[in-house]
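Student: Position one of the sequence shown corresponds to residue 256 (the numbering used here), numbered consecutively onward.
Virtual Cβ for every residue (Gly too), placed ideally from N, Cα, C.
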Amino acid sequence: MIEIQETYKDCLRIVIAEAGVSDVAPEISSDEEPNKALRKLLNESRPIEVTDDSARYEIVFDDYIAYAVTNESYAGGIEEKFEGRLARIYSESAFLNYIGQGTFATADYPGPFVHYGFCCLNQIIDVVSERPPTVKLINA
């Protein structure tokens with residue numbers, strides 16, 4: 256995630272960059288990681304990173320019921336059902352449970368809604384909205 260902001264009443268704008276695997280593997284010394292097996296694994300691994308050449312997408316929800324940003328290290332914990340991989344549409348989720356218990360939003364008011372999820376490198380973004388977002392490539 257590059258940016259998230261509420262641009263005007265009930266409008267949410269998210270900018271997400273496509274990450275890629277770096278061409279350069281780090282060189283971890285024995286001082287930095289004394290465990291030889293772990294050091295070997297780290298030295299053979301390449302970081303995932305966003306560069307100036309990474310594609311960036313603007314995702315705009317003209318209105319929403321709720322959204323949450325969670326540190327990806329703490330996300331998960333319950334069985335969820337969804338379609339998609341990094342961009343998801345959930346049929347069952349903890350966030351939908353929260354909406355049902357913590358708000359008065361229902362299929363009658365404001366109307367049927369959907370839980371959208373975006374799995375980023377360091378964050379999980381959850382949005383519940385009546386309408387799908389507009390998605391635009393903002394650089395190539």
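#1: Tell me, please, whether the stretch 346-358 touches the stretch 298-316 by the rule of three or more beta-carbon pairs shorter than 8 Å.
#2: To which residues of the same chain is Ile257 closer than 6 Å at the C-beta, ignoring the five residues directly before and after it?
#3: Does the Cβ of Leu267 have 16 or more other Cβ atoms within 10 Å, making it buried, or fewer, making it exposed?
#4: Can you look up Gly275 in the DSSP assignment and give me helix, strand or coil?
#5: Could you tell me which whole alpha helix (DSSP H) segments of length 4 or greater appear in the stretch 299-387?
#6: Are the CB atoms of Glu335 and Glu347 within a distance shorter than 7 Å?
#7: Going by DSSP, what residue range makes up the beta strand (DSSP E) through Asn394?
#8: Check the DSSP bridge columns for Leu267 and list the partner residues they point to.
#9: Measure the C-alpha to C-alpha separation of Ala321 and Ser384 and round it to an integer number of angstroms.
#10: Would you kindly work out how many angstroms separate the C-alpha atoms of Leu392 and Val315, rounded to a whole number?
#11: To the nearest angstrom, how far is it from the Cα of Ile303 to the Cα of Arg294?
Tutor: Once the coordinates are examined:
#1: Taking 8 Å as the limit for Cβ pairs, the verdict is that the stretch 298-316 does not touch the stretch 346-358.
#2: Val270, Ala272, listed in sequence order.
#3: Here Leu267 is buried: its Cβ has 16 or more other Cβ atoms, across all protein chains shown, within 10 Å.
#4: Strand.
#5: The qualifying runs are 349-357.
#6: It is a contact, given that the beta carbons lie within the stated cut-off.
#7: Its beta strand (DSSP E) spans residues 389-394.
#8: Residue pairing by DSSP places Leu267 opposite Glu261, Phe316 in a beta bridge.
#9: Going by the C-alpha atoms only, they are around 7 Å apart.
#10: Roughly 12 Å between the two C-alpha positions.
#11: Distance between the alpha carbons of Ile303 and Arg294 is about 18 Å.
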